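Undergrad: Just so we're aligned, residue 41 is where the sequence shown starts under the working numbering, counting upward by one. Sharing a structure, written as structure tokens. Questions coming.
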Amino acid sequence: MIALDTNVLVRYVVEDDARQAARAASLIEGAIAAGESLFVSDVVLCEFVWVLGASYGVPRATIGATLRELLRAKHLAFSATDRLARAVAAFGAGRGDFADYVIREQALAAGCDRVATFDRALLREAGFTAPA
Numbered sequence: 041m042i043a044l045d046t047n048v049l050v051r052y053v054v055e056d057d058a059r060q061a062a063r064a065a066s067l068i069e070g071a072i073a074a075g076e077s078l079f080v081s082d083v084v085l086c087e088f089v090w091v092l093g094a095s096y097g098v099p100r101a102t103i104g105a106t107l108r109e110l111l112r113a114k115h116l117a118f119s120a121t122d123r124l125a126r127a128v129a130a131f132g133a134g135r136g137d138f139a140d141y142v143i144r145e146q147a148l149a150a151g152c153d154r155v156a157t158f159d160r161a162l163l164r165e166a167g168f169t170a171p172a
């Protein structure tokens, strides 16, 4: 199994550099044809969301829809699809960054009951608390 870096995933989805997009497509489509999975880490997804929003100005709703499509893709493997799906849902409904919701989901999976943060927007959401 091959893991995808953020730049390969971005090139494949955004297609902003024809040469690199073609190479990314060749890799991904080759894996699909061979019945192989490609791994996408949580960090890559967090960077992917940041790049789409900050560099390309993609609206939050479109990013959420793209993430849902990626999570449904049979040729992509993730560390914990259910946790990522909850993070995507929270990102769509909340005001925090996608990474904040991934952090919360990983913390809950590790047995934590909340994440300490200074982010005021997150303090209004379940699973976040201010440091004492």
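No residue lacks a Cβ here, since even glycine has one placed at the ideal position from N, Cα and C. Given the structure is predicted, the values throughout are model-derived calculations rather than measurements.
#1: With a threshold of 16 other CB atoms inside 10 Å of the CB of Arg-51, please say whether the residue is buried or exposed.
#2: Between the C-alpha atoms of Leu-85 and Thr-46, what's the straight-line distance to the nearest angstrom?
#3: Can you tell me whether Phe-158 is buried or exposed, with buried defined as 16 or more other CB within 10 angstroms of its CB?
#4: To the nearest angstrom, how far is it from the Cα of Gly-104 to the Cα of Ala-172?
#5: Do you know offhand how far Ala-150's Cα is from Gly-136's?
#6: Figure out for me which residue from Ala-101, Ala-129 and Val-80 has the closest Cα to the Cα of Val-48.
#7: Count the other C-beta atoms from every protein chain shown that fall within 10 angstroms of the C-beta of Asp-140, then say buried if there are 16 or more, exposed otherwise.
#8: List the whole-angstrom C-beta distance separating Val-83 from Phe-138, where the pair is believed to meet the contact cut-off of C-beta under 8 angstroms.
#9: Thinking C-beta only, is Leu-67 closer than 8 angstroms to Leu-116?
TA: In short, the structure shows the following:
#1: Residue 51 sits at position 11 when you count from the first residue of the sequence shown. When all chains shown are included, Arg-51 counts as buried.
#2: Position 45 of the sequence shown, counting from 1, holds the residue named residue 85. Position 6 of the sequence shown, counting from 1, holds the residue named residue 46. C-alpha separation (whole angstroms): 7 angstroms.
#3: By one-based count along the sequence shown, residue 158 stands at place 118. By the neighbour-count criterion, in which a residue is buried when 16 or more other Cβ atoms sit within 10 angstroms of its Cβ, Phe-158 is exposed.
#4: Here residue 104 corresponds to residue number 64 of the sequence shown, with the count starting at 1. Here residue 172 corresponds to residue number 132 of the sequence shown, with the count starting at 1. Computed Cα separation, rounded: 33 angstroms.
#5: Position 110 of the sequence shown holds residue 150. Position 96 of the sequence shown holds residue 136. Roughly 21 angstroms between the two C-alpha positions.
#6: Along the sequence shown, one-based indexing puts residue 48 at 8. Cα-wise, what sits closest to Val-48 is Val-80.
#7: The residue you call residue 140 lines up with position 100 of the sequence shown. Only buried fits Asp-140, as 16 or more other CB atoms lie within 10 angstroms of its CB.
#8: Stepping through the sequence shown from its first residue, residue 83 is reached at position 43. Stepping through the sequence shown from its first residue, residue 138 is reached at position 98. Val-83 to Phe-138, Cβ: 11 angstroms. No contact.
#9: Looking up residue 116 in the sequence shown gives position 76. Looking up residue 67 in the sequence shown gives position 27. Not a contact, by the Cβ cut-off of 8 angstroms.
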